[in-house]
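Residues 1198 to 1390, numbered by my numbering, are exactly what the sequence shown covers, in order. Below: one structure, written as structure tokens.
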Amino acid sequence: MVKQLLKKYKRSEFLIGVSSGHSKEDPGAYCDATEKYEYSYVEELSFKLQELLRELGYKVYSPDPVSDELSYPDHLKRSVDLLNLHEVDVALEIHLNSWSTPNASGAEVLANEKGVELATLVQEEIVKMGFRDRGVKQPKNKYFLNKVEGPAIITEPGFISSEKDVAIIIKEGFQNEFCVSVAFALDRYHGIV
Ligand SMILES: [Zn+2]
């Protein structure tokens, strides 16, 4: 009990920024197998993750839901501006991957330079859900990663264009498992576990 309270107390020192990578105006990739857009998955993942992190004691800020009036990339710019304005300690954006051929599969986490350490921990946890390990990447062309001032990561747990990955993504419990994986990685990152 005391241990639990202590953890909660430690977590309350950190402000975690969580953003879903898409909006109704910019729904992202389309999943042929489930006939749903990426948006419907990442929006739910983002809300669930925020809920879990708050329950655990973390402070959470989210620029979601993004305004439907803003088109991409205006909503992305707005999200990044708000995350910086709130001076989040780390910023996470949630996506699912997609490719033109069905054989691309696996989980990866993208990071800016400051975010590599956290990205490595998140990647370690999310591959345990059964995804192929595509590793941590530092792309140079991502507005979110370039413009967030602190550590920033983009999680891409699986391809919605891959049958194998979709089987994991639509499994009952996937959302919870994903959120717990990210929360556990954040605990490790902050030296709480
Ligand atoms: Zn996306």
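Glycine included, every Cβ here is placed at the ideal spot set by N, Cα and C.
Beta-carbon spacing of residue i, residue j below 7 Å
{"i": "Gly1225", "j": "Leu1280", "result": "no"}
{"i": "Tyr1386", "j": "Leu1342", "result": "no"}
{"i": "Val1324", "j": "Ala1316", "result": "no"}
{"i": "His1409", "j": "Tyr1258", "result": "For residue 1409 there is no data in the structure shown, the boundaries of the chain being 1198 and 1390."}
{"i": "Ile1350", "j": "Leu1289", "result": "yes"}
{"i": "Gly1332", "j": "Ile1365", "result": "no"}
{"i": "Ser1302", "j": "Lys1339", "result": "no"}
{"i": "Cys1376", "j": "Leu1249", "result": "yes"}
{"i": "Ala1304", "j": "Gly1355", "result": "yes"}
{"i": "Phe1211", "j": "Asp1286", "result": "yes"}
{"i": "Ser1359", "j": "Ser1276", "result": "no"}
{"i": "Lys1205", "j": "Ile1389", "result": "no"}
{"i": "Ile1357", "j": "Ser1295", "result": "yes"}
{"i": "Ser1378", "j": "Glu1322", "result": "yes"}
Cβ distance (whole Å) where residue i is taken to contact residue j below 8 Å
{"i": "Thr1352", "j": "His1292", "result": "7 Å"}
{"i": "Tyr1227", "j": "Tyr1234", "result": "6 Å"}
According to DSSP, residues forming a beta bridge with residue i
{"i": "Gly1327", "result": "DSSP lists no partner for Gly1327."}
{"i": "Lys1334", "result": "Leu1307"}
{"i": "Pro1354", "result": "Ala1304"}
{"i": "Ile1366", "result": "Answer by DSSP bridge pairing: none, since Ile1366 is not bridged."}
{"i": "Val1215", "result": "Leu1289"}
{"i": "Cys1376", "result": "Its beta-bridge partners do not exist; DSSP assigns none."}
Quick test of the definition: if touching needs 3 or more C-beta pairs under 8 Å, does the segment 1367-1382 touch the segment 1244-1260?
Touching, per the Cβ criterion.
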